[in-house]
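A.B. asks: Chains as they are written, first to last, in our numbering: chain D, 474 to 776; chain F, 374 to 800.
For every residue, glycine included, the Cβ atom is placed at its ideal position computed from N, Cα and C.
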Amino acid sequence: MANLVRSVAAPAPRTRARDQAAARYLFLVPYLIVFLLFRFGPIAGGWLISLTRWNLIGSPRWIGVANYRALWHDSLFWVSVKNTLAFTAMAGPMLILGGLALALLVDQPLRGRYLARVLIFAPYAVMSAVVGVLWNWLYDTNFGIINYYLSLLALPSVPWLINEHVALVAIVLTTVWWTVGYNMVIFLAGLQEIPTELHEAAIVDGATFWQRFRSITLPLLTPTTYAVVILTLINTGQVFDQIYVMTAGGPGTATLTLVQYMYYQAFQTYNLGYGAAVAYATFAVLLAVTLVVHRLFRREAAA
Amino acid sequence: MRKAIAFVVCMALGVLLAAQVHAAAPLELTFWGGWTGPDGDVMRAMVDQYNARHPDVQVTLTTLQWTPLFDKFLTSMRAGEGPDLMAMHPQDTAQFIEGGLLEPLTTFGSDVEVKAGDYDKNAWGYSSYKGTQYALPLDFHMHGLYYNVDLFKQAGLDPANPPTTGNALIDAARRLTIDAAGRHPGDPGFDAKNVKQYGLAFPNNHHALYIWFALLYQQGGGFSISGTQVNFDDGQGIAAWKWVEDLIFTHQVVPVGESNPAQDFLTGRTAMLIDGPWQMPAMQKQQGLNWATAPFPSVFGRPAVWGSGHILTIPKQRDRAKQVATLALAQWVVRNSDFWATSGNIPVFRLAAETDRFRRLKGRAAFVSMLPYEVILPNIVKSAQVFSAAAPSPIVQAAQAATLRNEDPATIVRTLRQRIDSVLAAP
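Encoded structure:
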């Protein structure tokens with residue numbers, strides 16, 4: 474405070490700049506305190522826990538990187554890596570392309586587009602546990618409404634959540650229904666930022682919808698697309714709730730994903746240190762995937 | 374001056390009043406249990422009754438599924454915020470006792486009014502650890518055979534004589550399994566892809582392993598854990614899995630990968646069900662379902678059935694008065710466990726099991742008759758790791774390899790042994 478008063482009294486340019494910088498940091502302090510306490514603290518703490526053996530009942534014991542070494546030889550861990558990547562590979566494109574397609578659709582001046590936007594986004598507002606229970610009923614092999622409609626079409630019933638080859642696909646479909654509306658909203662915001670003059674000019678020049686889409690919409694949408702792709706990859710890589718409610722990782726290990734496995738180790742079998750190691754391995758996998766995508770976008774932007 | 378006197382008098386009255394209120398404030402106790410079905414409602418009703426009859430004590434019941442409940446228990450105990458009364462199963466206690474979380478009952482001396490002799494003789498032993506009593510047993514629950522009386526009659530089976538052996542079970546199940554054209558498994562042209570009614574069902578999760586576990590004992594063997602080794606006979610283990618797999622894949626009387634066997638029994642899509650007594654409240658509620666129970670069949674000659682039970686433990690805490698009040702609460706719950714039995718669980722407190730209120734309850738007799746043959750999982754420190762009901766656990770992996778994949782029984786047994794041994798060997 475004294476500094477500020479003095480700087481007003483004697484406005485030496487250098488000290489003022491320094492004071493302004495200090496003031497800027499001062500304004501950041503409330504956020505930083507919360508960030509350090511509730512974000513960075515637990516993240517760093519998790520790293521330390523991953524270097525210990527801790528069964529939640531006793532005290533943690535330092536064991537260095539032994540958890541990570543064990544992880545390398547843990548077949549269930551690799552199964553969960555494979556399942557997570559498979560889930561991301563299936564759900565990711567559907568969520569991104571689906572979100573874009575839906576955004577393009579409800580961006581058209583059609584009647585009922587506002588209602589359509591609400592209806593598509595609505596599932597996203599539903600709690601994950603409710604989504605899981607709801608879809609468990611829909612997918613039920615014997616009584617589920619999905620199999621009922623399949624039978625009306627004379628198609629065989631599908632053992633959605635109990636067949637090891639189908640369960641993950643079933644979870645993907647649920648996830649797409651549940652969260653595609655979120656991507657649609659982001660894409661829609663991006664679409665509405667594109668100046669209409671560009672489209673009008675293109676139409677005057679006789680450009681078709683596809684030409685406009687490829688030469689105007691897509692390039693100008695790149696920042697939005699980048700955000701949607703990264704967010705989708707991170708969210709699908711951390712899939713947990715709907716699996717926890719619907720299959721709990723089963724049947725067998727068909728839907729065991731990384732976060733599912735972390736939860737199993739840390740909170741179902743009390744290997745807190747090992748669970749933390751799984752969490753950091755998950756972080757590494759997601760970081761690697763994100764970096765690859767980041768590169769691709771950079772190359773695209775440069776080209 | 375007068376004002377000052379009035380003020381002082383008021384203050385004094387206030388203090389007196391506050392002291393009075395304080396003396397009348399009931400002792401608050403917390404009670405945690407993993408009862409999330411109809412059983413939770415029954416226990417809540419019991420707690421309400423206790424509160425009404427004991428104005429000096431106010432008990433709050435918290436129910437969560439067992440696994441998250443134990444998470445909450447462990448973390449709360451670390452923070453000194455644990456419950457006053459904690460329900461669990463006999464096989465859960467070792468980990469908590471070794472962690473120093475539970476109070477031995479011996480420390481309460483003569484306050485413990487219900488004794489070993491008041492109980493079914495197995496129950497008391499199951500709730501002690503290394504010779505020390507740590508819990509009051511509340512109930513038993515074990516697998517039994519439910520059957521649909523109407524479907525039995527339709528198939529020409531005698532509902533008064535439910536199957537008691539493995540072969541009788543398969544025979545009845547075959548006659549109760551019907552495809553779209555009315556054929557049974559084994560009939561020429563039986564269409565396994567188009568079955569309208571199945572003879573038998575059981576859960577394909579950890580409960581399928583419990584069936585296997587009982588079948589080991591039926592062959593005269595057993596299942597135990599010593600140090601870093603699991604002990605059971607490979608030959609018996611293979612025979613047991615083979616019998617389970619044959620029901621599904623050879624005799625085709627059990628649906629593959631059924632998501633909700635109990636629900637299918639309730640609606641008459643399956644004629645028999647192997648499950649625990651906790652299903653009985655739902656059966657009683659189901660309109661038009663004519664059901665009955667029978668003991669778990671003896672497949673390999675000797676009777677043996679998987680079982681467990683609920684026990685009441687008193688966690689360690691500084692407030693001795695609370696612990697003593699908690700013990701009184703626990704003893705009241707045990708003494709009134711004939712009411713708890715409406716939740717399906719079988720009381721182990723003799724006087725409660727002998728009341729008319731309990732005996733009038735439908736379907737319980739078959740379960741009670743199995744009490745002497747109940748075998749329970751070993752109570753080990755690593756029970757959460759070995760016996761977790763979560764999908765990646767060794768026992769669920771084995772159960773699903775058999776019930777969903779029809780894997781070679783020898784492979785299942787070998788993998789199960791390896792997985793359990795490696796969990797036990799891990800530091």
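Output the boundary residues of the beta strand (DSSP E) element that contains F/I569.
C.D. replies: Your numbering for residue 569 of chain F matches position 196 in the second sequence. The sequence given here places Lys at residue 569 of chain F; Ile does not occur at that position. Element bounds for F/K569: V568 to A574.
A.B. asks: Across the segment 715–735 of chain D and the segment 758–771 of chain F, are there enough close Cβ pairs to call them in contact, namely three or more that are closer than 8 Å?
C.D. replies: Output reads yes: the segment 758–771 of chain F touches the segment 715–735 of chain D.
A.B. asks: So what's F/P456 in DSSP terms, helix, strand or just coil?
C.D. replies: Position 83 of the second sequence, counted from the start, is the residue given in the question as residue 456 of chain F. Coil, per DSSP.
A.B. asks: Return the chain-ordered ranges of every beta strand (DSSP E) run that is complete within the segment 510–534 of chain D and spans a minimum of 3 residues.
C.D. replies: If we require 3 residues or more, the segment 510–534 of chain D turns out to have no beta strand (DSSP E) run fully inside it.
A.B. asks: Pull out every residue of the segment 429–441 of chain F whose Cβ sits closer than 7 Å to any Cβ of chain D, in chain order.
C.D. replies: So the list reads T440, given in the order they occur along the chain.
A.B. asks: Have a look at D/V478 and D/L510 and give me their C-alpha separation to the nearest angstrom.
C.D. replies: As a working note, residue 478 of chain D is residue 5 in the first sequence. As a working note, residue 510 of chain D is residue 37 in the first sequence. Because D/V478 sits at a pLDDT of 47, beneath the cut-off of 50, its placement in the model cannot be relied upon, and the point is left open.
A.B. asks: Of all the CB atoms in chain F, is at least one closer than 8 Å to the CB of D/R768?
C.D. replies: By 1-based counting over the first sequence, the position of residue 768 of chain D is 295. Chain F contact via Cβ: absent.
A.B. asks: Would you mind stating whether D/L592 and D/N609 have Cβ atoms separated by less than 8 Å?
C.D. replies: Locating residue 592 of chain D in the first sequence gives position 119, where the first residue counts as 1. Locating residue 609 of chain D in the first sequence gives position 136, where the first residue counts as 1. No; because the gap between Cβ atoms is not below 8 Å, this pair is not in contact.
A.B. asks: To be precise: take each residue of the segment 518–537 of chain D, compare its Cβ to all Cβ atoms of chain F, and keep it if any distance is under 7 Å. Which residues remain?
C.D. replies: Going along the segment 518–537 of chain D in chain order, one finds R526, L529, I530 and G531 with a Cβ nearer than 7 Å to chain F.
A.B. asks: What is the residue span of the beta strand (DSSP E) that F/T433 lies within?
C.D. replies: The sequence position of residue 433 of chain F within the second sequence is 60, counting from 1. First-last of the beta strand (DSSP E) with F/T433: V430 to T436.
A.B. asks: In the DSSP assignment, find the alpha helix (DSSP H) that holds F/F586 and state where it starts and stops.
C.D. replies: As a first step, residue 586 of chain F must be located in the second sequence, where it is residue number 213. H579 to Q591 is the span of the alpha helix (DSSP H), which, as asked, contains F/F586.
A.B. asks: From the DSSP secondary-structure annotation, give me the bridge partner or partners of F/P668.
C.D. replies: Here residue 668 of chain F is taken as the residue at index 295 of the second sequence, counted from 1. According to DSSP, F/P668 bridges with F/G517.
A.B. asks: Should D/V599 and D/L661 be called a contact, given that it needs their Cβ atoms to be closer than 8 Å?
C.D. replies: Here residue 599 of chain D refers to the residue found at position 126 when the first sequence is read from its first residue. Here residue 661 of chain D refers to the residue found at position 188 when the first sequence is read from its first residue. No, the pair does not count as a contact, with Cβ atoms beyond the cut-off.
A.B. asks: Which residues mark the beginning and the end of the alpha helix (DSSP H) in which F/W705 is found?
C.D. replies: Sequence index remark: in the second sequence, residue 705 of chain F carries index 332 (1-based). From DSSP, the alpha helix (DSSP H) with F/W705 extends over R693 to R708.
A.B. asks: Output needed in chain order: residues of the segment 626–648 of chain D with a Cβ under 8 Å from some Cβ in chain F.
C.D. replies: Residues passing the 8 Å Cβ filter: P629, P632, L634, I635, N636 and E637.
A.B. asks: Check for me: the beta strand (DSSP E) holding F/W679 runs from which residue to which?
C.D. replies: Indexing the second sequence from 1 puts residue 679 of chain F at position 306. It spans V678 to T686 - the beta strand (DSSP E) in which F/W679 sits, taken as one unbroken run.
A.B. asks: Please confirm if F/D794 has its CB atom under 8 Å from at least one CB of chain D.
C.D. replies: One-based indexing of the second sequence puts residue 794 of chain F at position 421. F/D794 does not count as touching chain D.
A.B. asks: Is the segment 604–613 of chain F touching the segment 578–595 of chain F, taking contact as three or more C-beta pairs under 8 Å?
C.D. replies: They touch, by the three-pair rule.
A.B. asks: Chain F partners of D/A557, CB-CB under 9 Å?
C.D. replies: Position 84 of the first sequence holds residue 557 of chain D. In the sequence as presented, Ala is not what sits at residue 557 of chain D; that position holds Thr. Ordered by position in chain F, no residue passes the 9 Å Cβ test against D/T557, which lies about 14 Å from the chain.
A.B. asks: With a threshold of 8 Å between beta carbons, is F/P767 in contact with chain D?
C.D. replies: Here residue 767 of chain F refers to the residue found at position 394 when the second sequence is read from its first residue. No, F/P767 lies away from the interface with chain D (no Cβ there is under 8 Å from its Cβ).
A.B. asks: Am I right that F/T550 and F/Y571 are in contact with their C-beta atoms under 8 Å? What's the rounded C-beta distance?
C.D. replies: By one-based count along the second sequence, residue 550 of chain F stands at place 177. By one-based count along the second sequence, residue 571 of chain F stands at place 198. The Cβ separation is near 5 Å, so the contact holds.
A.B. asks: I need the DSSP call for F/N534, collapsed to helix, strand or coil.
C.D. replies: Within the second sequence, residue 534 of chain F is the residue found at index 161, counting from 1. Residue state, collapsed to three classes: coil.
A.B. asks: Residue range of the alpha helix (DSSP H) that F/M743 falls in?
C.D. replies: As a position in the second sequence, residue 743 of chain F is number 370, starting the count at 1. Neither: F/M743 is in no alpha helix (DSSP H) and is coded neither H nor E.
A.B. asks: What do you get for D/Y612, buried or exposed, if any count of 16 or more other CB atoms within 10 angstroms of its CB means buried?
C.D. replies: Here residue 612 of chain D is taken as the residue at index 139 of the first sequence, counted from 1. Looking at its Cβ environment, which holds 16 or more other Cβ atoms inside 10 Å, D/Y612 is buried.
A.B. asks: Is the beta carbon of F/S501 closer than 8 Å to that of F/I684?
C.D. replies: As a working mapping, residue 684 of chain F is identified with position 311 in the second sequence. As a working mapping, residue 501 of chain F is identified with position 128 in the second sequence. No; because the gap between Cβ atoms is not below 8 Å, this pair is not in contact.
A.B. asks: Taking just the CA atoms, how far does F/L518 sit from F/A798?
C.D. replies: Start at 1 with the first residue of the second sequence, and residue 798 of chain F comes out as number 425. Start at 1 with the first residue of the second sequence, and residue 518 of chain F comes out as number 145. The straight-line gap from Cα to Cα measures roughly 37 Å.
A.B. asks: Using the Cα positions of D/M474 and D/L505, report the straight-line distance between them to the nearest angstrom.
C.D. replies: Along the first sequence, one-based indexing puts residue 474 of chain D at 1. Along the first sequence, one-based indexing puts residue 505 of chain D at 32. Note on D/M474: pLDDT 45, under 50, position unreliable in the model; no value is reported.
A.B. asks: Using three-state DSSP, classify F/E631 as helix, strand or coil.
C.D. replies: To locate residue 631 of chain F, count along the second sequence from 1; it is residue 258. In the structure shown, F/E631 sits in coil (DSSP, three-state: anything other than H, G, I, E or B).
A.B. asks: Beta-carbon within less than 8 Å of F/V626's beta-carbon, same chain only, minus the 5 sequence neighbours each way: which residues are those?
C.D. replies: As a working mapping, residue 626 of chain F is identified with position 253 in the second sequence. Closer than 8 Å at Cβ, skipping near neighbours: I543, A546, R547, L549, T550, P558, Y571, G572, L573 and L620.
A.B. asks: By the three-class DSSP mapping on this structure, what secondary structure does F/Y502 have?
C.D. replies: The residue you call residue 502 of chain F lines up with position 129 of the second sequence. Reduced to three states, the DSSP call for F/Y502 is strand.
A.B. asks: Tell me which residues share the same chain as F/F563 and place their Cβ nearer than 7 Å to its Cβ, disregarding the 5 neighbours each side in the sequence.
C.D. replies: As a first step, residue 563 of chain F is located in the second sequence; it is residue number 190 there, counting from the start. Taken in chain order, the residues that qualify are D552, R556 and H557.
A.B. asks: Give the straight-line distance between the Cα atoms of D/G572 and F/N633, rounded to the nearest whole angstrom.
C.D. replies: Here residue 572 of chain D is taken as the residue at index 99 of the first sequence, counted from 1. Here residue 633 of chain F is taken as the residue at index 260 of the second sequence, counted from 1. Taking the straight line joining both Cα atoms gives about 34 Å.
A.B. asks: Could you check the C-alpha separation between D/L760 and F/A771 for me, to the nearest Å?
C.D. replies: Here residue 760 of chain D refers to the residue found at position 287 when the first sequence is read from its first residue. Here residue 771 of chain F refers to the residue found at position 398 when the second sequence is read from its first residue. Straight-line Cα distance between these residues: approximately 34 Å.
A.B. asks: For chain D, find out if any of its Cβ atoms is closer than 8 Å to the Cβ of F/G630; answer yes or no.
C.D. replies: In the second sequence, the residue the question calls residue 630 of chain F occupies position 257. Yes, F/G630 counts as interfacial toward chain D.
A.B. asks: Does D/Y734 come within less than 8 Å of chain F when only Cβ atoms are used?
C.D. replies: Here residue 734 of chain D is taken as the residue at index 261 of the first sequence, counted from 1. Closer than 8 Å to some Cβ of chain F, the Cβ of D/Y734 qualifies, so yes.
A.B. asks: For F/F800, which residues in chain D fall below 7 Å Cβ to Cβ?
C.D. replies: Counting from 1 along the second sequence, the entry for residue 800 of chain F is found at position 427. According to the sequence shown, residue 800 of chain F is Pro rather than Phe. Per Cβ cutoff of 7 Å: R526.
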